[in-house]
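Presented below is the structure to which this report refers.
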Amino acid sequence: MHKRHNSSHIIPFILGGVVLYFISGIVDELRVYQGASIAVYVVAISSIILLTGYSGQVSLGNGALMAVGAYAAAVSHITWHFPIVLSFFVAVLAAALGGALLGAAAARLTGPYLAGTTLALAIGLPSLANQFSILGGEQGLLFDVGFPPLSLGESFTQYKWFFWIAALATLIMMWLLQNILRSRYGRTWRAGRGNEVAAQLSGINTGRSKILAFTLSAGLAGLAGAMLSMTIGTVSPSAFPLALSFSLLTGAVLSGITTLGGVMIGAVTLVAIPEVADVLAHRLGSSESVTTNLPGLMVSALLIVTVLFVPNGPVEQHRARAAKKLAQK
Amino acid sequence: MKAMNRRKLITASAVLAIVGLAATAIPAQAAEVGVSSTEIKLGMTLPMTGTASLGYNKIPGAAKAYFDYLNANGGINGRKVTLVVKDDRYVPTEAVSKTNELILKDKVMALMAPLGTANVKAVASSVNPARRGVPVLFVNTGFSGFADTKKYPTTYTVLPSYVMEAKIMGQYIKENFAGKKIGLLYQDDDFGTDALAGFKTAGVDFAVKVAYASGSQGAAAAAGWITKFKAAEADVVILFGVSSATSAMLGTAAQLKYAPQWMLGSVGGDATTIKLTGVPAGVLYNAIGFSPVPATTDMKDEYVKLFSDIYAKAFPGSAFDLNVLLGMNTAFMTAQALKAAGQNPTRKSLMAAIDSKGATFANSALVPAGYSATSHVGLTGYWVGKYSPTGDLAPVGGTYVAYTTDSGAGAVVKSTYKRPAMPAKGLPN
Chain A
127 MHKRHNSSHI IPFILGGVVL YFISGIVDEL RVYQGASIAV YVVAISSIIL LTGYSGQVSL
187 GNGALMAVGA YAAAVSHITW HFPIVLSFFV AVLAAALGGA LLGAAAARLT GPYLAGTTLA
247 LAIGLPSLAN QFSILGGEQG LLFDVGFPPL SLGESFTQYK WFFWIAALAT LIMMWLLQNI
307 LRSRYGRTWR AGRGNEVAAQ LSGINTGRSK ILAFTLSAGL AGLAGAMLSM TIGTVSPSAF
367 PLALSFSLLT GAVLSGITTL GGVMIGAVTL VAIPEVADVL AHRLGSSESV TTNLPGLMVS
427 ALLIVTVLFV PNGPVEQHRA RAAKKLAQK
Chain B
891 MKAMNRRKLI TASAVLAIVG LAATAIPAQA AEVGVSSTEI KLGMTLPMTG TASLGYNKIP
951 GAAKAYFDYL NANGGINGRK VTLVVKDDRY VPTEAVSKTN ELILKDKVMA LMAPLGTANV
1011 KAVASSVNPA RRGVPVLFVN TGFSGFADTK KYPTTYTVLP SYVMEAKIMG QYIKENFAGK
1071 KIGLLYQDDD FGTDALAGFK TAGVDFAVKV AYASGSQGAA AAAGWITKFK AAEADVVILF
1131 GVSSATSAML GTAAQLKYAP QWMLGSVGGD ATTIKLTGVP AGVLYNAIGF SPVPATTDMK
1191 DEYVKLFSDI YAKAFPGSAF DLNVLLGMNT AFMTAQALKA AGQNPTRKSL MAAIDSKGAT
1251 FANSALVPAG YSATSHVGLT GYWVGKYSPT GDLAPVGGTY VAYTTDSGAG AVVKSTYKRP
1311 AMPAKGLPN
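Chains A and B, in that order, are what the protein sequence lines are.
Each number in the numbering used here corresponds to the 1-based position in the first sequence with 126 added.
Each number in the numbering used here corresponds to the 1-based position in the second sequence with 890 added.
This is the structure:
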């Protein structure tokens, strides 16, 4: 058993990348755009799963940390003319720094107090952008990663370019994250989440461990923020409303908050719901008010069903059932 | 074993996602996207839900009501005009995704009246309708920058710009409130920047300027604004903000018994919307207001009469307000553009039609439109009126006095524009 390396192999991720590459060539542009959105959500939801599912801290402020990353990326790209890859790194670092500061405060808080603090951040932080003219106020900044290189051909669309960048960043991030979660850090987080006192007794510095989780989670959120603003071409406070933080949390719950394995489920659901709602409303020939409110209703209903029947998420549920079956044999 | 299962599951969920993505086939294309032998399809994004939707969510219904009327009367050369509406909740991310759906999935011929400066900008940058050749007709924002044909070659404005409005307000102040202390409430973004530029050109000196960040407006904030206006002893207070800011200000002022001479910008000046938030009509009484189109209560006006009849049939019991009138007016102008675009309209011929004939399109506005081969500027001025005791904007003494100007350094002049008679039955001719 110990022969097998405990790290996650890179091969599935490379294979995944190759598959995505071919898919991006055959689907139409709207799907490619949605693929990029899914990539954004995958990273953003992973950030919540890492924080809440693994280290046991609640954060309602992911949207705010995404905003930090997005602004850092845009400012470094526009003001200092950083190449796009570098500005993505800046996004991760800036958000991680913010996360470390927040984490230092958060390590002293638990449960509703932590939720309240991060909620305040989600509400307040994005509108801070209005106070500094370098951040472009309410209208925000244009964040233009540029046209795809000409060598890719004339028919290579902008969205395909976004998708490639987003998918690559996501695959790399997910691979890193998978390995971190399987490492000593992942175990200390889970130990701290399970029973903080027991974890402390076994020599884990739970305070430090929590801050580290917060920092990493914030870094991921920052990357997601930079990717989001790349796909919409701008960074502005209104792109990071409180509703974003909530829908990400919803996505995390749908994915199964204690495991990274189902993160695709939440991400795809968040992107697919409006479209499914649209089709449904059309079939039913319903009025405008039904059409506009249906997506919210569907998400809420899904959330309730998930919490009622598969509280740990469909993936964890399936795994538990499989394990049970195995034990019965 | 556990690791195996997990990997299986990851693979399974990835495959599922991929299948989902690939599931939709690409529909066949007609001669021009969005135009078939029986239908012309247009798309609109705007906030239909959420706080920013107040009042604006009546626009799609109003536009659809006009198009239904048009379709019942033969449509455009036998083609029905349909409008696909998507809710963007006033979030740029949503505006981009919904516009993508409109262009790439619903395959609309043109975008019509997308709302909000930040959203239109995000869409221009990410979706880039210009690069796709998609016309963006009559954006629902007064930001002067959208008339820049180099930056936004396929975008047409319709509302007079915020710069024009501020210049006209400045002129009115000079003529009527010389020597008085003037206060200004404005939104701290492009909306406000445009306004400040206009006031500067008009040479207005403010005793006090209060900026608010979009989204921060509310009763508590309004109490703070009032303190500042009171401290500066402002005689005239201009509210150059969105409806929610105007409403918060007037509502709080009523409670605090603060009553300077109000002057309301057109963006936040729709009486029905303000009254809906619980502001008593009396507070609006004698406030000065601005509008490019006739008073919504002016049933002697042929457009107001026809549009309100059409709207009342489509939405019995719903108030006919400024948002409705502007929505129907935009739909009417769009119909004329489509008609002028020829037997088989294309995106190119549609834009060419506005360039060549847009300035002569019949519409309810009391000021001229500025479209030409080199200009995508829409309406170019406002008439000035006062709110009645019931809180409705009406011309003083019953006659409309309109001013016209540009978004640059041009002078503000009394408009001599004579609105042409409405085409028969309000249909494009």
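A virtual CB, placed ideally from N, CA and C, is assigned to each residue, including glycine.
Note that the structure is predicted; figures quoted are calculated from it, not measured.
Span of the beta strand (DSSP E) around residue i
{"i": "GLU929(B)", "result": "929-936"}
{"i": "LEU1027(B)", "result": "1026-1029"}
{"i": "LEU1074(B)", "result": "1072-1077"}
{"i": "ILE204(A)", "result": "ILE204(A) -> not in any beta strand (DSSP E); alpha helix (DSSP H) instead, spanning 188-204."}
{"i": "ILE306(A)", "result": "Counting along the chain, ILE306(A) falls outside any beta strand (DSSP E), though it belongs to the alpha helix (DSSP H) covering 284-308."}
{"i": "ILE1128(B)", "result": "1126-1130"}
{"i": "GLY1275(B)", "result": "1271-1277"}
{"i": "VAL1291(B)", "result": "Per DSSP, VAL1291(B) belongs to no beta strand (DSSP E) and is neither H nor E."}
{"i": "THR1045(B)", "result": "1045-1047"}
{"i": "TYR1042(B)", "result": "Looking at the DSSP string, TYR1042(B) is not in any beta strand (DSSP E), and its letter there is neither H nor E."}
{"i": "VAL1100(B)", "result": "1098-1102"}
First and last residue of the uninterrupted alpha helix (DSSP H) at residue i
{"i": "GLY143(A)", "result": "137-152"}
{"i": "GLY225(A)", "result": "210-232"}
{"i": "MET853(B)", "result": "Residue 853(B) lies beyond the residue range present for chain B, which begins at 891 and ends at 1319; the question has no answer from this structure."}
{"i": "ALA1284(B)", "result": "That residue, ALA1284(B), is in no alpha helix (DSSP H); its beta strand (DSSP E) goes 1283-1285."}
{"i": "LYS450(A)", "result": "440-454"}
{"i": "PHE1081(B)", "result": "1080-1092"}
{"i": "LYS1057(B)", "result": "1052-1066"}
{"i": "GLY161(A)", "result": "155-174"}
Residue i at chain B interface by Cβ criterion, 7 angstroms
{"i": "GLY359(A)", "result": "yes"}
{"i": "SER253(A)", "result": "yes"}
{"i": "TYR159(A)", "result": "yes"}
{"i": "LEU302(A)", "result": "no"}
{"i": "THR418(A)", "result": "yes"}
{"i": "ALA365(A)", "result": "yes"}
{"i": "HIS128(A)", "result": "Legend: pLDDT at HIS128(A) = 45, less than 50; position of this residue unreliable, no value from coordinates given."}
{"i": "ASN438(A)", "result": "no"}
Residue burial classification, residue i (beta-carbon count within 10 angstroms, cutoff 16)
{"i": "ASN1253(B)", "result": "buried"}
{"i": "ALA1000(B)", "result": "buried"}
{"i": "HIS207(A)", "result": "exposed"}
{"i": "ILE152(A)", "result": "exposed"}
{"i": "ASP1191(B)", "result": "buried"}
{"i": "GLY1159(B)", "result": "buried"}
{"i": "SER150(A)", "result": "buried"}
{"i": "GLN1061(B)", "result": "buried"}
{"i": "ASN1219(B)", "result": "buried"}
{"i": "GLN1145(B)", "result": "exposed"}
{"i": "HIS1266(B)", "result": "buried"}
{"i": "ASN1030(B)", "result": "buried"}
{"i": "GLN919(B)", "result": "The predicted model places GLN919(B) with a pLDDT of 43, which falls under 50 and marks its position as unreliable; any figure quoted below should be read in that light. Counting Cβ neighbours within 10 Å, GLN919(B) comes out exposed, since fewer than 16 surround it."}
{"i": "GLN1226(B)", "result": "buried"}
{"i": "ILE916(B)", "result": "Summary for ILE916(B): the model assigns pLDDT 41, below 50, so the residue's position carries little reliability, and this model does not support an answer."}
{"i": "GLU984(B)", "result": "buried"}
{"i": "SER259(A)", "result": "exposed"}
{"i": "ALA427(A)", "result": "exposed"}
Cutoff 7 angstroms: residue i Cβ touching any chain A Cβ
{"i": "LEU994(B)", "result": "yes"}
{"i": "MET938(B)", "result": "yes"}
{"i": "ASP1211(B)", "result": "no"}
{"i": "SER1015(B)", "result": "yes"}
{"i": "ALA918(B)", "result": "Because ALA918(B) carries a pLDDT of 41, less than 50, the predicted location of this residue cannot be relied on, and the following value inherits that uncertainty. ALA918(B) does not count as touching chain A."}
{"i": "PRO1279(B)", "result": "no"}
{"i": "VAL1010(B)", "result": "no"}
{"i": "ASN967(B)", "result": "no"}
{"i": "PRO1019(B)", "result": "no"}
{"i": "THR983(B)", "result": "yes"}
{"i": "ASP978(B)", "result": "no"}
{"i": "ASN961(B)", "result": "no"}
Distance cut-off 6 angstroms: residue i Cβ against heavy atoms of the ligand COA
{"i": "ALA1085(B)", "result": "For the ligand COA, the structure offers nothing, since it holds no ligand at all."}
Can you list the alpha helix (DSSP H) stretches of 4 or more residues lying completely in the segment 1169-1237 of chain B, in chain order?
If you keep only unbroken alpha helix (DSSP H) runs of at least 4 residues inside the segment 1169-1237 of chain B, you get 1171-1174, 1192-1204 and 1212-1230.
What runs of the beta strand (DSSP E), each 3 residues or longer, lie entirely inside the segment 329-396 of chain A?
As far as the segment 329-396 of chain A is concerned, it has no whole beta strand (DSSP E) run of at least 3 residues.
Going residue by residue through the segment 968-1000 of chain B, where are the continuous alpha helix (DSSP H) segments of at least 4 residues, counting only ones entirely within it?
Listed in chain order, they are 982-990.
Would you be able to state if there are at least three C-beta pairs under 8 angstroms between the segment 1006-1024 of chain B and the segment 984-997 of chain B?
Between the segment 984-997 of chain B and the segment 1006-1024 of chain B, the count of Cβ pairs shorter than 8 angstroms is three or higher; the stretches touch.
Is the segment 158-167 of chain A touching the segment 352-367 of chain A in the sense that three or more CB pairs, one from each, lie closer than 8 angstroms?
Flag = yes, the segment 352-367 of chain A and the segment 158-167 of chain A touch.
Is it true that the segment 1282-1295 of chain B meets the segment 1255-1271 of chain B, where meeting means three or more beta-carbon pairs spaced less than 8 angstroms apart?
The way I'd put it, the segment 1282-1295 of chain B does touch the segment 1255-1271 of chain B; three or more beta-carbon pairs between them come closer than 8 angstroms.
Decide if the segment 338-348 of chain A is in contact with the segment 297-316 of chain A; the criterion is three or more beta carbon pairs, one per stretch, under 8 angstroms apart.
Enough Cβ pairs lie closer than 8 angstroms, so yes.
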